[in-house]
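The structure appears below as structure tokens.
Protein chains: 2
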Amino acid sequence: MAIKNVCVIGLGTMGMGAAKSCIKAGLNTYGADISDKALEVLKEAGAVKVAKNAAEFADELEAVQVLVVNAAQANTVLFGANEDGVAYKLKAGTPVMVSCTMGAADAKAIDEKLAALGLPMLDAPVSGGGVKANAGAMTVMASGKPETFEVLKPMLDAISGNGGKVYNVGVEAGLGATVKIVHQLLAGVHIAVAAEAMAMAAKAGIPLDTMYDVVTHAAGNSWMFENRMAHVLKGDYTPLSAVDIFVKDLGLVTETAKALHFPIPLASTAYSMFTNASNAGYGREDDSAVIKTFAGITLPEKQ
Amino acid sequence: MAIKNVCVIGLGTMGMGAAKSCIKAGLNTYGADISDKALEVLKEAGAVKVAKNAAEFADELEAVQVLVVNAAQANTVLFGANEDGVAYKLKAGTPVMVSCTMGAADAKAIDEKLAALGLPMLDAPVSGGGVKANAGAMTVMASGKPETFEVLKPMLDAISGNGGKVYNVGVEAGLGATVKIVHQLLAGVHIAVAAEAMAMAAKAGIPLDTMYDVVTHAAGNSWMFENRMAHVLKGDYTPLSAVDIFVKDLGLVTETAKALHFPIPLASTAYSMFTNASNAGYGREDDSAVIKTFAGITLPEKQ
Numbered sequence: 000m001a002i003k004n005v006c007v008i009g010l011g012t013m014g015m016g017a018a019k020s021c022i023k024a025g026l027n028t029y030g031a032d033i034s035d036k037a038l039e040v041l042k043e044a045g046a047v048k049v050a051k052n053a054a055e056f057a058d059e060l061e062a063v064q065v066l067v068v069n070a071a072q073a074n075t076v077l078f079g080a081n082e083d084g085v086a087y088k089l090k091a092g093t094p095v096m097v098s099c100t101m102g103a104a105d106a107k108a109i110d111e112k113l114a115a116l117g118l119p120m121l122d123a124p125v126s127g128g129g130v131k132a133n134a135g136a137m138t139v140m141a142s143g144k145p146e147t148f149e150v151l152k153p154m155l156d157a158i159s160g161n162g163g164k165v166y167n168v169g170v171e172a173g174l175g176a177t178v179k180i181v182h183q184l185l186a187g188v189h190i191a192v193a194a195e196a197m198a199m200a201a202k203a204g205i206p207l208d209t210m211y212d213v214v215t216h217a218a219g220n221s222w223m224f225e226n227r228m229a230h231v232l233k234g235d236y237t238p239l240s241a242v243d244i245f246v247k248d249l250g251l252v253t254e255t256a257k258a259l260h261f262p263i264p265l266a267s268t269a270y271s272m273f274t275n276a277s278n279a280g281y282g283r284e285d286d287s288a289v290i291k292t293f294a295g296i297t298l299p300e301k302q
Numbered sequence: 000m001a002i003k004n005v006c007v008i009g010l011g012t013m014g015m016g017a018a019k020s021c022i023k024a025g026l027n028t029y030g031a032d033i034s035d036k037a038l039e040v041l042k043e044a045g046a047v048k049v050a051k052n053a054a055e056f057a058d059e060l061e062a063v064q065v066l067v068v069n070a071a072q073a074n075t076v077l078f079g080a081n082e083d084g085v086a087y088k089l090k091a092g093t094p095v096m097v098s099c100t101m102g103a104a105d106a107k108a109i110d111e112k113l114a115a116l117g118l119p120m121l122d123a124p125v126s127g128g129g130v131k132a133n134a135g136a137m138t139v140m141a142s143g144k145p146e147t148f149e150v151l152k153p154m155l156d157a158i159s160g161n162g163g164k165v166y167n168v169g170v171e172a173g174l175g176a177t178v179k180i181v182h183q184l185l186a187g188v189h190i191a192v193a194a195e196a197m198a199m200a201a202k203a204g205i206p207l208d209t210m211y212d213v214v215t216h217a218a219g220n221s222w223m224f225e226n227r228m229a230h231v232l233k234g235d236y237t238p239l240s241a242v243d244i245f246v247k248d249l250g251l252v253t254e255t256a257k258a259l260h261f262p263i264p265l266a267s268t269a270y271s272m273f274t275n276a277s278n279a280g281y282g283r284e285d286d287s288a289v290i291k292t293f294a295g296i297t298l299p300e301k302q
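Protein sequence lines correspond, in order, to chains Y and Z. Mapping the first sequence onto numbering that gives the first Met the number 0, position 74 (from 1) lands on 73, and the numbers just tick up by one. Mapping the second sequence onto numbering that gives the first Met the number 0, position 33 (from 1) lands on 32, and the numbers just tick up by one.
Shown next as structure tokens:
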């Protein structure tokens, strides 16, 4: 029988969007977060039950998605400090979709701990941002057993069926995490090189709006160049995604590459650039603020 | 009075396309190249006159576009070894559009030599590839005096008016060259990081076609990733644009950055990657062959 009682743990931008999409899809939706505010918002949106610790209603659940920030938080909500995490209370066989961005080694370790409790895991990082999460149009890059995909289908349909996509990247835990990591490698380097190119154009005295126009109509374009350099042109570094997110994500790229014994010359350089930007005080600004570490240039001011 | 007699010097893929576009636009088109074959092709396409050295009919010309490979060749066709280049034979005031990819210093030096002969220059690199050149849909990134743009308008319309675009990036010679250089910085790094990411995915055991599918539908995409990694998936390294082109272009990026006294951490790394690929014997393969320098992975074979 198809699952009906689903829970999203971690109700930030992505998690709240996922939970609301589950409600819209007609699933009995539960939610957990440490923020009272977030719990209240989800309750008003139609959640069945909300709690700070999903262990409270774990025996009612048929599927769980963990959408906290990183592996450490995932470990905390799942296993807790004294075996008080939700994983110890779930019925055996309940599938757990772990959707935070983390290294492959962390994904494998969580998979093993869940397996020991009889809980199948989908290693299922997501992307798309808050707007797509709200629309039920997430992209999910997942690895796991075919039957785990099958059982989770109603929840996967709810969060991605409205224009998103679910990629099955293999059986082993860690593969889903790695696909996201490789994607973040590209995203991070593309932002850093966009900054490098625009900074060089500024130094050369090229009008930046013209440079932007040329690149976005030519083969040198990237999704990130087009999106992030628009912030630089406006001089607006309000964080949509912050510099420190890429310090974290390129850190995970580095860890994963180390575990794979593999060189990443460009990503290593981009990691240094974002780390330097963070140390310069731009950690909480938009990730395009990495351009501010290039000295000797004048950038557009906010109007 | 609008110019009518125009000449394209350098009838390779881009130059031949430009010359044919001028013929299609109803201009009296002249052509010059060291290849008899190229001259024959253009004559049959309707050129008024063709020659190995455009100096032969220079007194008939009202505009010239130089579309040879680099600054050294541009200097040769314009100035020759013993003042036998076309520049010495052009009527004073004849505009010269120099469209090869070169460093800003080279563009400025050519501008000065042309100015000394009373010839205004448009520093006007182009992009778009052979198909767009043939269609009269080139992108032109040009700097020069407003009146030089004005006089050259019929020729600019012919080569870019059919879906391309002419960018006016300023007055000074060197700015057009630099815009192209900054564009090539992005293009080169995007190819190199696409290779790095796909190589890491291969090492991790992720199916490369799935990785490609994820990236091309997400924020980590770039024009180059989408275009070049398709070659890697097919195992087809037939050169559309070769590794050695990016050794050259990222070399120009490096020279320009040095002249600007500006750091280019990512482009410097990408330059090393392409140079290493060239030394490994892949110089004449498709530029995506830079992925072959990553050891310890298995890449798709050509079917």
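The beta carbon of each residue, even a glycine, is placed where N, CA and C say it ideally should be.
Exposure of residue i, with buried meaning 16 or more beta-carbon neighbours within 10 Å
{"i": "M0/Z", "result": "exposed"}
{"i": "P145/Y", "result": "exposed"}
{"i": "H182/Y", "result": "buried"}
{"i": "R227/Y", "result": "buried"}
{"i": "S277/Y", "result": "buried"}
{"i": "K138/Y", "result": "As written in the sequence, residue 138/Y is Thr, which differs from the Lys given in the question. Flag for T138/Y reads buried."}
{"i": "V130/Y", "result": "exposed"}
{"i": "G45/Z", "result": "exposed"}
{"i": "D105/Y", "result": "buried"}
{"i": "Q302/Z", "result": "exposed"}
{"i": "K19/Z", "result": "buried"}
{"i": "E82/Y", "result": "exposed"}
{"i": "A256/Y", "result": "buried"}
Simplified DSSP assignment, three categories, for residue i
{"i": "A134/Y", "result": "coil"}
{"i": "I190/Z", "result": "helix"}
{"i": "Q302/Z", "result": "coil"}
{"i": "V170/Y", "result": "coil"}
{"i": "A18/Y", "result": "helix"}
{"i": "I2/Z", "result": "coil"}
{"i": "I205/Y", "result": "coil"}
{"i": "I8/Y", "result": "strand"}
{"i": "A31/Y", "result": "strand"}
{"i": "S303/Y", "result": "Outside the modelled stretch of chain Y, which goes from 0 to 302, sits residue 303/Y, for which no answer is possible."}
{"i": "D110/Y", "result": "helix"}
{"i": "L121/Y", "result": "strand"}
{"i": "K144/Y", "result": "coil"}
{"i": "V65/Y", "result": "strand"}
{"i": "K164/Y", "result": "strand"}
{"i": "D83/Z", "result": "coil"}
{"i": "K88/Z", "result": "coil"}
{"i": "A50/Z", "result": "strand"}
{"i": "D285/Z", "result": "strand"}
{"i": "M96/Z", "result": "strand"}
Pick from the options that is closest to residue i, judged by C-alpha positions
{"i": "V168/Y", "options": "A218/Y, A86/Y, G143/Y", "result": "G143/Y"}
{"i": "A288/Z", "options": "F261/Z, A229/Z, H260/Z", "result": "A229/Z"}
{"i": "K48/Z", "options": "A86/Z, N81/Z, V7/Z, V242/Z", "result": "V7/Z"}
{"i": "P264/Z", "options": "A241/Z, V188/Z, A200/Z", "result": "V188/Z"}
{"i": "S126/Y", "options": "K257/Z, G219/Z, I22/Z", "result": "G219/Z"}
{"i": "G14/Z", "options": "G163/Z, D32/Z, L66/Z", "result": "L66/Z"}
{"i": "V242/Y", "options": "A186/Y, K88/Y, H216/Y", "result": "A186/Y"}
{"i": "T297/Z", "options": "L251/Z, G204/Z, H260/Z, W222/Z", "result": "G204/Z"}
{"i": "E300/Y", "options": "G234/Y, S240/Y, N275/Y, F261/Y", "result": "G234/Y"}
{"i": "E111/Y", "options": "F261/Y, E171/Y, N81/Y, M210/Y", "result": "E171/Y"}
{"i": "H260/Z", "options": "A115/Y, A279/Y, K291/Y, A201/Y", "result": "A201/Y"}
{"i": "C307/Y", "options": "G11/Y, A132/Y, K51/Y", "result": "Nothing about residue 307/Y can be read from this structure; chain Y reaches only from 0 to 302."}
Backbone CA spacing between residue i and residue j [nearest angstrom]
{"i": "K36/Z", "j": "V213/Z", "result": "45 Å"}
{"i": "Y236/Y", "j": "N74/Y", "result": "33 Å"}
{"i": "A198/Z", "j": "T28/Z", "result": "48 Å"}
{"i": "D286/Y", "j": "L232/Y", "result": "14 Å"}
{"i": "V85/Z", "j": "V5/Z", "result": "13 Å"}
{"i": "I2/Y", "j": "P119/Y", "result": "15 Å"}
{"i": "T253/Z", "j": "D122/Z", "result": "19 Å"}
{"i": "A294/Y", "j": "I180/Z", "result": "20 Å"}
{"i": "S271/Z", "j": "A191/Z", "result": "10 Å"}
{"i": "T93/Y", "j": "I33/Y", "result": "23 Å"}
{"i": "L249/Z", "j": "E195/Y", "result": "14 Å"}
{"i": "A266/Y", "j": "L174/Y", "result": "19 Å"}
{"i": "G128/Y", "j": "T12/Y", "result": "8 Å"}
Are the region 147-167 of chain Z and the region 32-41 of chain Z touching, with three or more C-beta to C-beta distances below 8 Å? no
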